[in-house]
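Numbering (our numbering), first residue to last: 10 to 474.
Yeah, the Cβ is synthetic: ideal placement off N, Cα and C, and Gly gets one too.
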Ligand SMILES: *[C@@H]1O[C@H](CO)[C@@H](O)[C@H](O)[C@H]1NC(C)=O
Ligand SMILES: *[C@@H]1O[C@H](CO)[C@@H](O)[C@H](O)[C@H]1NC(C)=O
Ligand SMILES: *[C@@H]1O[C@H](CO)[C@@H](O)[C@H](O)[C@H]1NC(C)=O
Ligand SMILES: *[C@@H]1O[C@H](CO)[C@@H](O)[C@H](O)[C@H]1NC(C)=O
């Protein structure tokens with residue numbers, strides 16, 4: 010690289026006049042100006058260079074008087090930039106009373122407006138499979154109520170197939186659904202973990218031979234849904250799925266090459282619970298924070314190392330002796346800590362039990378982050394800051410906590426599945442994420458202009474069926 014640059018410069022220096030040589034610097038100057046412009050843009054639009062929490066704190070302190078504000082401000086300043094800007098969430102009315110005006114949506118009006126439009130017009134075509142298909146077990150929706158850790162995958166398909174979003178007419182479809190279930194293929198002795206990649210490759214080959222839709226966009230208007238982390242490597246032999254299709258997956262990590270943020274979407278992992286959430290008004294949250302799980306990652310090891318004997322942060326490894334629900338109801342904050350994978354059902358568990366989730370899982374593309382402002386109902390702590398955990402949590406004033414917790418109750422319904430979907434529940438939220446990703450350019454199926462005939466190889470509808 011350096012060598013060719015030198016040669017080029019040397020060459021241009023020798024062969025061209027001085028004025029011509031000036032041209033050589035034009036791209037460099039342009040690049041410089043562009044960089045300066047970008048820097049200016051970033052500095053004027055982001056909070057990279059400012060510390061809004063500090064300025065807000067000043068305002069707050071004067072509004073509250075020093076006695077009402079318990080944590081010393083130096084604690085706050087030492088909190089790394091990755092922690093959310095907590096102080097933005099609440100204000101004081103004219104009487105000086107606390108009001109939670111923190112919106113859980115980035116833009117509620119936009120969301121509600123788009124949601125209506127989606128609900129009215131969004132159409133999905135699902136590749137049809139008969140009951141006697143040898144792989145009907147993995148391609149058709151399950152006929153029981155899904156349960157367990159990977160229920161989100163089965164729930165989505167079950168609800169979608171019965172919903173008003175399904176169209177039998179592919180020409181009306183915004184998106185095409187690839188109905189294979191990774192979780193079920195994994196348990197199918199004919200496929201198993203080792204055979205999933207071949208199965209997916211064959212499946213895509215089959216639909217691209219038998220239907221025209223895959224080839225029209227290279228799969229860009231196709232999607233699949235998977236909650237098991239094996240789904241991540243399942244596309245290894247089907248590059249087009251990985252690169253073009255919309256992957257709606259629970260293991261949504263910016264850190265993984267198999268997941269492409271913005272193109273793909275995060276599916277919340279939810280352990281389904283029957284019935285209404287418990288009456289949270291009765292719960293007394295005496296513990297500061299709670300975690301239970303196995304030690305299967307360096308992040309959890311670190312958590313254990315630092316907090317194992319703490320009286321306020323309860324970290325429990327292995328089997329709990331107390332009911333899980335009681336712990337979630339008895340803690341102010343509930344920790345979601347990266348294990349084997351970035352995702353677990355713990356966030357949805359915390360929300361269900363009205364506990365404010367603390368997310369310690371770097372690079373997690375959080376579910377519905379396009380719609381929900383996670384800073385309004387959760388705390389994100391970088392893995393490196395595990396030793397600061399207590400400081401961060403104790404630095405949250407009662408008012409801030411009440412704001413976060415009341416927002417937890419507001420977002421709870423978005424993290425619940427229902428066999429018959431309920432507006433704004435997990436199913437509709439996933440549909441909305443898909444709706445945001447629907448636009449794609451299609452290669453026209455039939456070239457109508459007679460002049461092109463003979464010059465181009467055209468598709469004709471009869472050749473596909
Ligand atoms: C969405 O569509 C369903 C089915 O047509 C309907 O029951 C529901 O009320 C709609 N919701 C909104 C918010 O438009
Ligand atoms: C692909 O089609 C062939 C021939 O119809 C069939 O035997 C095979 O099971 C199909 N494979 C998949 C993964 O759909
Ligand atoms: C789609 O493209 C593949 C590969 O180019 C080709 O083999 C296949 O026949 C095409 N499908 C249709 C329906 O034309
Ligand atoms: C926690 O307690 C155990 C046993 O009481 C002890 O061995 C360990 O060193 C303590 N760990 C920390 C981090 O204090």
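Between the C-alpha atoms of residue i and residue j, what's the straight-line distance to the nearest angstrom?
i: residue 166; j: residue 244; result: 19 Å
i: residue 330; j: residue 397; result: 28 Å
i: residue 46; j: residue 271; result: 25 Å
i: residue 175; j: residue 203; result: 32 Å
i: residue 369; j: residue 177; result: 43 Å
i: residue 360; j: residue 239; result: 26 Å
i: residue 206; j: residue 404; result: 48 Å
i: residue 384; j: residue 416; result: 10 Å
i: residue 127; j: residue 262; result: 27 Å
i: residue 164; j: residue 157; result: 11 Å
i: residue 40; j: residue 333; result: 57 Å
i: residue 291; j: residue 439; result: 32 Å
i: residue 224; j: residue 341; result: 52 Å
i: residue 43; j: residue 182; result: 41 Å
i: residue 152; j: residue 218; result: 30 Å
i: residue 387; j: residue 400; result: 16 Å
i: residue 347; j: residue 283; result: 26 Å
i: residue 381; j: residue 115; result: 6 Å
i: residue 138; j: residue 212; result: 12 Å
i: residue 337; j: residue 358; result: 8 Å
Taking the continuous alpha helix (DSSP H) assigned at residue i, which residues delimit it?
i: residue 202; result: 201-219
i: residue 359; result: 355-361
i: residue 377; result: It is not in any alpha helix (DSSP H) - residue 377 carries neither H nor E in the DSSP assignment.
i: residue 326; result: No alpha helix (DSSP H) contains residue 326, which is instead part of the beta strand (DSSP E) from 322-326.
i: residue 196; result: 191-196
i: residue 223; result: 222-226
Taking the beta strand (DSSP E) that residue i falls in, what are its first and last residues?
i: residue 424; result: Unbroken run through residue 424: none, as it is neither H nor E.
i: residue 366; result: 365-369
i: residue 338; result: Premise fails: residue 338 lies in the alpha helix (DSSP H), 333-338, not in any beta strand (DSSP E).
i: residue 233; result: 231-235
i: residue 300; result: 296-302
Using 10 angstroms around the beta-carbon of residue i, count the other beta-carbons present and answer buried if the total reaches 16, otherwise exposed.
i: residue 409; result: buried
i: residue 57; result: Confidence at residue 57 is low in this model, with a pLDDT of 44, below 50, so its placement is unreliable and the value that follows should be read with caution. So residue 57 counts as exposed.
i: residue 55; result: With a pLDDT of 48 at residue 55, under the threshold of 50, the modelled position of this residue cannot be trusted; read the value that follows with caution. That one is exposed.
i: residue 125; result: exposed
i: residue 140; result: exposed
i: residue 143; result: exposed
i: residue 235; result: buried
i: residue 278; result: buried
i: residue 353; result: buried
i: residue 298; result: buried
i: residue 201; result: exposed
i: residue 276; result: buried
i: residue 121; result: exposed
i: residue 302; result: buried
i: residue 145; result: exposed
i: residue 288; result: exposed
i: residue 260; result: buried
i: residue 295; result: exposed
i: residue 407; result: exposed
Within the same chain, show all residues whose beta-carbon is closer than 7 Å to that of residue i, passing over the 5 residues directly before and after it, in chain order.
i: residue 430; result: 168, 172, 436 and 437
i: residue 414; result: 363 and 365
i: residue 159; result: 192, 236 and 237
i: residue 445; result: 379
i: residue 199; result: none
i: residue 317; result: 324
i: residue 135; result: 170, 175, 186 and 188
i: residue 5; result: This structure does not reach residue 5, given that the chain is present from 10 up to 474, and the question cannot be answered.
i: residue 304; result: 310, 313 and 326
i: residue 179; result: 134 and 222
i: residue 210; result: 246 and 247
Ignore the nearest five residues each way along the sequence and tell me which others in residue i's own chain have a CB closer than 6 Å to its CB.
i: residue 231; result: 185, 187 and 254
i: residue 256; result: 273
i: residue 328; result: none
i: residue 345; result: 355, 356, 366 and 368
i: residue 321; result: 297
i: residue 308; result: 346, 347 and 392
i: residue 280; result: 354
i: residue 60; result: Unreliable positioning characterises residue 60 in this predicted model, as indicated by a pLDDT of 40, which lies under 50. A coordinate reading is not provided.
Kindly list the residues whose CB is nearer than 8 Å to the CB of residue i, restricted to its own chain and excluding five residues on each side of it in sequence; keep chain order.
i: residue 434; result: 422, 423, 425, 426 and 427
i: residue 419; result: 113 and 386
Query - Entirely enclosed beta strand (DSSP E) segments - the region 252-280, minimum 3 residues - result: 255-258
Query raised in the report: Pick out every residue whose C-beta is nearer than 6 Å to a heavy atom of ligand 6: which are they, in chain order?
Result: Ligands present in the displayed structure are limited to ligand 1, ligand 2, ligand 3 and ligand 4, and ligand 6 is not among them.
Query - Length at least 4, wholly inside the region 110-189: the alpha helix (DSSP H) runs in chain order - result: 117-130, 145-148 and 160-171
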